[in-house]
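Worksheet for the structure shown next.
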Amino acid sequence: MLYRDFFRMDGVLVPRQVLVDNMHFSRPIQQQRAPKWYPTEGPATGLTKTIEKKPQGVAKLRKSITPGTVLILLAGRFKGKRVVFLKQLESGLLLVTGPFKINGVPLRRVNQAYVIATSTKVDIAGIDTTGISDKPDEKTKRHFFSRVVAEQKEEGEGEFVSTEAKKSGLTEERKAMQVKVDESVIAAVEKTPMMKDYLKSRFSLEKGQFPHLMKF
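Take a look at the structure:
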């Protein structure tokens, strides 16, 4: 054995092979580093209770809004238009109309949070709106305000074999109801002088005017 095969331990030469056999090698334990990001919420402890959500009820109608009240729309496509309130639907939304022939506002659903109720009223006692509802049908899952879904045009192999595509838009039922309701509302509007011009005009504010100081 050569000198390099020995290892000096405490002044005594010990063969390197003997030293290797008596040593117990153990793999170093890697220390886990602290995470760079910490969760904003701690783990669930099991003490929280599951709360069942109650079904959302219908919004209570404001006292200032009654059938025939003229409302001012504050949002949406017809913002600033004056409309006539007809009734509250099953969903809690308001059913209103311009009428369409007077100011271009059709039968429409609006949220009462985005309207201003005025003191002007129209007598709509004889108007029938029983066929208007936004409650979906159990079978078809459609209601009065559901639109017609467009169908793709189908073309055959032949040059003349084709079917016309159905265009999206309003249903025939809704168009017929619009004409029926408009006739009754317009007849009631014409009984009051200048009411037609009032519904045609658009509401707007000028400099120095504050809506919370106005009386509508």
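Numbering (our numbering), first residue to last: -15 to 200. For every residue, glycine included, the Cβ atom is placed at its ideal position computed from N, Cα and C. As the structure is a prediction and not an experimental result, all values here were calculated from the model.
For this session: Enumerate in chain order the residues of its own chain whose CB-to-CB distance from H206 is below 8 Å, with the five nearest sequence positions on each side excluded.
Result: The displayed coordinates of the chain run from -15 to 200. Any statement about residue 206 would go beyond what the structure contains.
Exercise. Does the beta-carbon of G115 have 16 or more other beta-carbons within 10 angstroms, so that it is buried, or is it exposed?
Worked result: It counts as exposed.
For this session: Go ahead and label R66 buried or exposed: buried means 16 or more other beta carbons lie within 10 angstroms of its beta carbon, across all protein chains shown.
Result: The residue is buried, with at least 16 neighbouring Cβ atoms inside 10 Å.
Exercise. Using DSSP with H/G/I as helix, E/B as strand and the rest coil, what is F69?
Worked result: Three-state DSSP puts F69 in a strand.
Exercise. With distances taken between CB atoms, is the gap from I100 to F200 smaller than 8 Å?
Worked result: In this structure, F200 lies closer than 8 Å to I100 by Cβ.
Exercise. Around the C-beta of P19, are 16 or more other C-beta atoms found within 10 angstroms, so that it is buried, or is it exposed?
Worked result: Looking at its Cβ environment, which holds fewer than 16 other Cβ atoms inside 10 Å, P19 is exposed.
Problem set entry | Rounded separation between T53 and P23 - CA only | In a straight line, the C-alpha of T53 is about 54 Å away from that of P23.
For this session: Give a yes or no on whether the C-beta atoms belonging to F69 and P90 are separated by under 8 Å.
Result: No, they are not a contact pair.
Problem set entry | For R46, three-class secondary structure by DSSP | Coil at R46, not helix or strand.
Problem set entry | Straight-line Cα distance separating K38 from K180 | Each residue's alpha carbon lies about 44 Å from the other.
Problem set entry | Extent of the continuous alpha helix (DSSP H) run through I35 | Where I35 is concerned, there is no enclosing alpha helix (DSSP H), because DSSP gives it neither an H nor an E.
Problem set entry | chain E within 8 Å of R158, Cβ atoms only | Of the protein chains in the structure, only one exists, and it is not chain E.
Exercise. Cβ atoms of T113 and K71: under 8 Å apart, would you say?
Worked result: Yes, the pair counts as a contact, with Cβ atoms nearer than the cut-off.
Exercise. Taking the Cβ atom as the reference point for each residue, do T81 and V163 lie within a distance shorter than 8 Å?
Worked result: Taking 8 Å as the Cβ cut-off, T81 and V163 do not qualify as a contacting pair.
Exercise. Among G153, S168, Q193 and S130, which has the Cα closest to the Cα of D201?
Worked result: As displayed, the chain neither begins before -15 nor continues past 200, which places residue 201 out of reach and without an answer.
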